[in-house]
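J.: Start counting the sequence shown at 585; every next residue gets the next number (our numbering).
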Amino acid sequence: MSNPVLNENNLERDTQYVETMAFPSNQVMTVNGTLQVTGLMGLIMLIAASYTWTRFSLGYTDIVAMLTGGGAIVGFILALIISFSRWSPQLSGIKYLVPFYAACEGLFLGGISAVFEASYPGIVSSAIGGTFAALFIMLILYRMRAIQCTDKFRSVIFIATLSIAGIYLIDFIGHFFGLSVPVIYSTSPFGLLVNVVIVIIAAFNLIIDFDFIERAAERNFPKEYEWYGAFGLIVTVVWLYIEILRLLAKFQRR
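(1) Any idea if residue 769 is buried or exposed, counting beta-carbon neighbours within 10 angstroms, 16 or more meaning buried?
(2) Are the CB atoms of residue 817 and residue 793 within a distance shorter than 8 Å?
(3) Considering only residues of the same chain and omitting the five flanking positions on each side of residue 659, which have a CB-CB separation below 7 Å?
(4) Going along the chain, which residues of its own chain have a beta-carbon closer than 6 Å to the beta-carbon of residue 636, five neighbours each way excluded?
(5) Are there 16 or more other CB atoms within 10 angstroms of the CB of residue 703, so buried, or fewer, so exposed?
(6) Considering only C-alpha positions, which residue in the set 825, 726, 833 is nearest to residue 797?
(7) Hey, residue 765 and residue 754: beta-carbon distance below 8 Å or not?
(8) Which residue from 782, 664, 698 puts its Cα closest to that of residue 746?
(9) Can you name, in chain order, every residue of its own chain whose Cβ lies under 6 Å from the Cβ of residue 633, other than the five neighbours on each side?
(10) Any idea if residue 806 is buried or exposed, counting beta-carbon neighbours within 10 angstroms, 16 or more meaning buried?
(11) For the alpha helix (DSSP H) holding residue 773, just list the boundary residues, first then last.
(12) What separation, rounded to the nearest whole angstrom, lies between the Cα atoms of residue 708 and residue 739?
(13) Whose C-alpha, out of 827, 822, 837, 829, is nearest the C-alpha of residue 656?
(14) Can you find the residues in the same chain that come closer than 6 Å, C-beta to C-beta, to residue 639, ignoring five residues on each side of it along the sequence?
(15) Hey, would you say the C-beta of residue 748 is under 7 Å away from at least one heavy atom of the ligand FAD?
(16) With H, G and I counted as helix, E and B as strand and the rest as coil, what does DSSP make of residue 683?
(17) Nearest-angstrom Cα distance between residue 776 and residue 641?
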């Protein structure tokens, strides 16, 4: 129940819908199919990120700022549309929306990554490496069942994720009044510890995402749901990357 996209309530509600439908065996969701779509979305993100990164390196900072901000805003809007239109009907059109979302996220990530890299050379490659390491470690732990995705586990991660979202929301609103949540930006031991905990929570969300995708495939969800599963997984990976990037920046500022 942690990832607002791939959560238990959505799974149960969509299962009730699937039980009223009959899909051909070659038109049902598979785990491998979801991973292939995720890989394709990752490639789109990389291409888009490379574009903003290149514009920044050439000195077109105004264009980069526009692309970064526009990517963030449009990506957020698309995320809301995708999240609330899973069965409209049978995810029709989602395979067109998810690639656009990936492109917008790529523009956003390319912009902020270029800015961080300019301030802390080498930080982006470290953040990318850390993100992939966390992704594969969580996948291995999940496949080995070293971490059981129980209802209690989902509830704990959900509460933790909701708390983090609440802190970020308070900080965002506070900026309009010249205020902020100090711990988010602090490089003190406590500030670093908070960021480490956030990274761990983001990584644990991957376990829930894997479990969600696997159970959806077992329940013979329609093949279009592969795009929704990939979308939800990308949401978590992007969050994880940003948190690792921020954590590494804090270490370099000490």
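Ideal Cβ positions, reconstructed from N, Cα and C, are used throughout, including at glycine.
Note that the structure is predicted; figures quoted are calculated from it, not measured.
T.: With the structure as the only source:
(1) exposed
(2) yes
(3) 685, 688, 689, 692
(4) 648, 651, 691, 694, 695
(5) exposed
(6) 726
(7) yes
(8) 782
(9) 690, 693, 694
(10) buried
(11) 773 to 802
(12) 32 Å
(13) 822
(14) 647, 648
(15) With respect to the ligand FAD, the structure offers nothing, as it holds no ligand at all.
(16) helix
(17) 30 Å
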